[in-house]
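What follows is a single structure, written as structure tokens, with notes after it.
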Amino acid sequence: MSFCINPVCLKPNHPDNDENRFCQSCGSQLELLKRYRVLRLLSDKTGFGKVYDAYEQDTPKILKVLKEDLSTDAKAVELFQQEAAVLGNLNHPGIPKVDGYFQYQTRNGLVLHCIVMEKIEGSNLEQWLKQQQNKPISQEQTVAWLRQLLEILALVHGKQYLHRDIKPSNIMIRPDGQLVLIDFGTAREVTRTYLAKISSGGGGITAIMSSGYSAPEQISAQAVAQSDFYALGRTFVFLLTGYHPLEMYDSHHNVLHWQNHAMQISPLLLNLIDSLMVRDVNQRPATAQDIIKQLEAIEQQLTGTIATVNIVGSPKTALLAQPTTTTLPPQPEKQPEKVPLLALFAALLISLGLLGLVALATRSSKLSSSPPDYGQAPERKGKVDYFPYEEGKDSQGRVAEFNVAVLSVEYKWQLGSNYQVKYNNELIKLNSLKSNLEEEGIQRIMENPSEIISVGTASCEGNVEVEEKRAFERSQQLQLLVKKIFSNTKSVQGYRLLNMGQFQRSDCQKNQDSTDYQRSIIIIGVKKQSEGVILDEALRNRLEKKPFADFKLEDYSLGSENRFKTIPSNL
376 MSFCINPVCL
386 KPNHPDNDEN
396 RFCQSCGSQL
406 ELLKRYRVLR
416 LLSDKTGFGK
426 VYDAYEQDTP
436 KILKVLKEDL
446 STDAKAVELF
456 QQEAAVLGNL
466 NHPGIPKVDG
476 YFQYQTRNGL
486 VLHCIVMEKI
496 EGSNLEQWLK
506 QQQNKPISQE
516 QTVAWLRQLL
526 EILALVHGKQ
536 YLHRDIKPSN
546 IMIRPDGQLV
556 LIDFGTAREV
566 TRTYLAKISS
576 GGGGITAIMS
586 SGYSAPEQIS
596 AQAVAQSDFY
606 ALGRTFVFLL
616 TGYHPLEMYD
626 SHHNVLHWQN
636 HAMQISPLLL
646 NLIDSLMVRD
656 VNQRPATAQD
666 IIKQLEAIEQ
676 QLTGTIATVN
686 IVGSPKTALL
696 AQPTTTTLPP
706 QPEKQPEKVP
716 LLALFAALLI
726 SLGLLGLVAL
736 ATRSSKLSSS
746 PPDYGQAPER
756 KGKVDYFPYE
766 EGKDSQGRVA
776 EFNVAVLSVE
786 YKWQLGSNYQ
796 VKYNNELIKL
806 NSLKSNLEEE
816 GIQRIMENPS
826 EIISVGTASC
836 EGNVEVEEKR
846 AFERSQQLQL
856 LVKKIFSNTK
866 SVQGYRLLNM
876 GQFQRSDCQK
886 NQDSTDYQRS
896 IIIIGVKKQS
906 EGVILDEALR
916 NRLEKKPFAD
926 FKLEDYSLGS
936 ENRFKTIPSN
946 L
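Our numbering puts the first residue of the sequence shown at 376, with every later residue one more than the last.
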């Protein structure tokens with residue numbers, strides 16, 4: 376197929392274009408510079424331009440075209456041309472090769488600004504992580520990718536350029552594992568004039584911003600090399616947690632709570648990434664080479680060895696584990712013993728009898744061990760423990776109904792983690808529950824609530840304030856999951872958070888649950904029956920009058936009447 380790039384063409388993908396040099400709809404030239412043919416539009420959401428799939432004979436290419444409404448904007452044209460100039464000065468497998476910049480005129484006289492460059496086969500890192508179900512990258516992957524990107528930045532900065540838009544969607548991964556930094560449309564050459572403008576406050580410099588990734592000084596049009604390091608650090612925050620940085624940002628305290636979402640990574644590596652994101656630009660590393668040296672020192676501490684291996688013809692850094700050899704002494708060959716058939720049968724009968732007695736004793740023990748004040752009993756719905764709607768009343772007698780769902784009794788919050796859960800002794804992310812819950816039919820189980828409350832709790836270990844904060848962050852993470860699951864449930868009109876704080880019962884032990892659902896993942900469904908009902912009062916009344924299982928408000932640091940409250944949230 377040949378695609379026409381004339382923005383006013385009525386049928387750019389005319390079926391007869393393949394056999395012709397001119398568009399059969401608008402008459403514009405289809406062979407650009409008599410070299411390139413365009414296959415299809417890939418994207419028109421890149422800000423400055425449109426991106427097309429193209430080819431030169433049998434070689435795939437990418438064609439970028441400045442949007443027609445910017446073709447007479449001198450600043451936009453300058454930035455667009457600058458991308459071709461920057462790429463032409465950089466030669467590295469982690470940077471796309473550029474054919475060059477040219478102008479193309481349509482049949483109706485419109486002049487379009489174009490750049491043709493190498494097509495990178497593969498996904499960008501935002502797409503790649505999504506394909507991995509947002510599973511965070513490993514420590515080994517972190518070291519290898521960080522090194523690759525730092526080597527690219529060392530070249531870019533060494534040529535006196537700033538990228539100014541590093542983020543996961545602007546980093547692609549080739550089939551051989553090489554990362555490629557793309558989209559140099561906002562790159563800036565560091566000239567004396569530029570530095571003079573920076574020192575005088577940034578006047579006359581275009582501010583470039585990608586929410587959650589751009590450095591504070593860059594947002595103020597004062598980008599420097601360390602601004603790229605800041606964005607690189609934020610990119611690894613995303614890769615190591617699976618969350619956009621803004622999802623973990625505490626705006627009240629101006630703090631990014633991310634390290635506790637990356638428990639699989641050494642603190643040495645986490646702290647290095649944090650050093651790239653220090654708010655004061657002068658406190659960040661000065662050069663990419665400085666960071667590489669720090670990374671090498673950390674590698675040696677973590678593995679004791681650094682090695683460079685050749686992957687598909689390109690040198691890549693990889694980690695080699697220290698070889699260990701264990702020699703076991705020869706074991707004497709043991710002959711199987713013969714057991715008489717009659718004795719085996721008798722032993723089997725005895726075993727079955729004992730198992731029956733044990734099962735009966737266990738069942739009797741469980742039935743007799745439930746305390747007299749044990750609350751509402753659960754209904755097992757697959758792996759979900761469900762407690763049906765029960766009414767609660769506010770101080771004026773107005774009514775709302777609340778149900779409770781324990782989202783799979785097999786999943787528990789991991790001690791000390793804000794977002795990880797434990798399943799069969801394996802750590803997983805909360806998002807991994809989504810498909811399981813949908814298979815269980817959680818939308819049907821919840822019976823059409825009008826609101827859903829995500830409950831956050833924390834165990835008894837540690838400082839109360841720290842654990843209350845952990846419980847709140849757990850409720851936020853849970854709500855993100857809940858919104859994904861119930862986004863198409865028409866009855867659900869709102870979401871709330873309920874932070875119960877730290878479990879504080881006197882018999883609490885760090886590694887042992889004192890109640891049935893002490894570390895479980897819990898949501899509450901709401902149906903308002905009375906107009907103007909005070910939801911917090913009605914919910915508290917329901918949980919006091921008809922608690923679910925052995926859950927008690929007084930067991931939690933935020934369960935008292937003056938501290939118990941839900942928070943409406945639009946996360």
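Here a beta-carbon is modelled for each residue, glycine too, at the ideal position from N, C-alpha and C.
A quick note: this is a predicted structure, and the numbers were derived from the prediction, not measured.
Review point. Rounded to the nearest angstrom, how far is the Cβ of Ala780 from that of Gln664, given a contact under 8 Å?
Key: Going by Cβ atoms, the distance from Ala780 to Gln664 rounds to 53 Å, so no, they are not a contact pair.
Check your understanding: How is Gln675 classed by DSSP in three states: helix, strand or coil?
Key -> Helix, per DSSP.
**Study point:** Chain-order list of residues whose beta-carbon lies under 6 Å from that of Pro922 (same chain, five-residue window excluded)
**Key:** Hits under 6 Å: Gly750.
Check your understanding: Can you name the start and end residues of the alpha helix (DSSP H) that Asp474 belongs to?
Key -> Secondary structure note for Asp474: it is in no alpha helix (DSSP H), and the uninterrupted beta strand (DSSP E) holding it is Val473 to Gln480.
Exercise for review: Might you give, ordered along the chain, the residues of its own chain that have their beta carbon closer than 6 Å to the beta carbon of Ala590, omitting 5 neighbours on each side?
Suggested key: Counting only Cβ-Cβ distances below 6 Å, and skipping sequence neighbours, we find Ser602 and Tyr605.
Point to revise | Within the stretch 497–547, ranges of the alpha helix (DSSP H) (whole runs, at least 4 residues) | key: Runs found: 500–506 and 514–533.
Exercise for review: Buried or exposed for Asn396, please, with buried defined as at least 16 other CB atoms from any protein chain shown within 10 angstroms of its CB.
Suggested key: The sequence as given places Arg at residue 396; Asn does not occur at that position. Exposed, by the Cβ-count rule.
Exercise for review: Could you pull out every unbroken beta strand (DSSP E) segment of at least 3 residues lying fully inside the stretch 837–884, listed in chain order?
Suggested key: Counting whole runs of 3 or more residues, the stretch 837–884 contains the beta strand (DSSP E) stretches 869–877.
Point to revise | For Cys401, the nearest candidate out of Ala924, Ser770, Asp391 and Glu592 (CA to CA) | key: Of all alpha-carbon atoms in Ala924, Ser770, Asp391 and Glu592, the one lying nearest the alpha-carbon of Cys401 is that of Asp391.
Check your understanding: Residue range of the beta strand (DSSP E) that Tyr427 falls in?
Key -> Per DSSP, the continuous beta strand (DSSP E) segment holding Tyr427 begins and ends at Gly424 to Glu431.
Review point. Under the three-state reduction of DSSP, which class applies to Gln669: helix, strand or coil?
Key: Per DSSP, reduced to three states, the secondary structure at Gln669 is helical.
Exercise for review: Spatial neighbours of Lys741 within its chain, please: CB distance less than 7 Å, with the 5 preceding and 5 following residues excluded, ordered by chain position.
Suggested key: Annotation note: pLDDT 39 at Lys741 (below 50); position unreliable, coordinate value reported separately. For Lys741, where only same-chain residues beyond five positions count, there are no Cβ hits under 7 Å.
Point to revise | Three CB pairs or more closer than 8 Å across the stretch 476–491 and the stretch 500–514 | key: No, because fewer than three Cβ pairs between the stretch 476–491 and the stretch 500–514 fall closer than 8 Å, the two stretches do not touch.
**Study point:** Close beta carbons around Glu813, own chain, < 7 Å, minus the five adjacent residues each side
**Key:** Beyond the five residues adjoining it in sequence on each side, Glu813 comes within less than 7 Å, by CB distance, of Ile860 in the same chain, given in chain order.
Point to revise | Inter-stretch contact at 8 Å, needing at least 3 Cβ pairs: the stretch 607–616 / the stretch 631–639 | key: With a cut-off of 8 Å, the stretch 631–639 and the stretch 607–616 count as touching, because enough Cβ pairs lie within range.
Check your understanding: If you compare alpha carbons, which of Ile594, Ile380 and Glu822 is closest to Gln404?
Key -> When only C-alpha atoms are compared, the closest one is Ile380.
**Study point:** Helix, strand or coil at Met376 according to DSSP, with G and I counted as helix
**Key:** Three-state result, Met376: coil.
Check your understanding: Nearest-angstrom Cα distance between Leu802 and Ser792?
Key -> Between Leu802 and Ser792, the C-alpha separation is close to 10 Å.
Practice item. Measure the CB-CB distance between Lys420 and Lys494 and report whether it falls below 8 Å. Key: The beta carbons of Lys420 and Lys494 sit no closer together than 8 Å.
Point to revise | Boundaries of the alpha helix (DSSP H) in which Gln829 is found, first to last residue | key: According to the sequence provided, residue 829 is Ser. The question's Gln does not apply to it. Not the alpha helix (DSSP H): Ser829 falls in the beta strand (DSSP E), residues Glu826 to Ala833.
Review point. According to the Cβ coordinates, are Val461 and Phe378 closer than 8 Å?
Key: Result no, Cβ atoms of Val461 and Phe378 do not sit closer than 8 Å.
Practice item. From the DSSP output, in three-state form, read off Met492 for me. Key: Note: Met492 maps to strand in three-state DSSP.
Point to revise | 8 Å Cβ cutoff met for Leu438 and Cys489 | key: The Cβ atoms of Leu438 and Cys489 sit closer than 8 Å to each other.
Point to revise | Simplified DSSP state of Leu918, which is helix, strand or coil | key: Collapsing the DSSP output to three states places Leu918 in a helix.
Check your understanding: Below 8 Å between beta carbons: does that hold for Met875 and Ala913?
Key -> For Met875 and Ala913, no; Cβs fall outside 8 Å.
Practice item. Pick helix, strand or coil for Asp930, following the three-state DSSP scheme. Key: For Asp930, the three-state secondary structure derived from DSSP is helix.
Review point. Which residue spans inside the stretch 772–825 form an unbroken beta strand (DSSP E) run of at least 3?
Key: For secondary structure counted as the beta strand (DSSP E) over 3 or more consecutive residues, the stretch 772–825 holds these complete runs in sequence order: 774–781, 786–788, 795–798 and 801–804.
Check your understanding: If you run the structure through DSSP and keep just helix, strand and coil, what is Arg654?
Key -> Arg654 sits in coil when the DSSP states are folded into three classes, being neither helix nor strand.
Exercise for review: Go to Lys756, then tell me how far its beta strand (DSSP E) extends in each direction, as first and last residue.
Suggested key: Following the DSSP letters along the chain, one finds Lys756 inside the beta strand (DSSP E) bounded by residues Glu754 to Lys756.
Point to revise | Start and end residues, alpha helix (DSSP H) containing Glu453 | key: Run containing Glu453: Ala449 to Gly463, per the alpha helix (DSSP H) assignment.
**Study point:** Where Leu385 sits in the DSSP three-state scheme
**Key:** Leu385 falls in the coil class under three-state DSSP.
**Study point:** Inter-residue Cα distance where the pair is Phe926 and Asn863
**Key:** Phe926 and Asn863 have their alpha carbons spaced roughly 31 Å apart.
Check your understanding: Ile437: beta carbon under 7 Å from a heavy atom of the ligand ZN?
Key -> Looking for the ligand ZN in the displayed structure turns up nothing, as the structure carries no ligands at all.
Review point. Do the stretch 823–834 and the stretch 864–872 meet, that is, are 3 or more Cβ pairs less than 8 Å apart?
Key: By the C-beta criterion, the stretch 823–834 is judged to be in contact with the stretch 864–872, since at least 3 inter-stretch pairs fall below 8 Å.
Point to revise | Runs of alpha helix (DSSP H) wholly within the stretch 580–607 (minimum 4 residues, chain order) | key: With a minimum length of 4 residues, the continuous alpha helix (DSSP H) runs that stay inside the stretch 580–607 are 591–594.
Check your understanding: Between Gln535 and Asn388, what straight-line distance do the alpha-carbon atoms span, to the nearest angstrom?
Key -> Looking at the two C-alpha atoms, the distance is approximately 42 Å.
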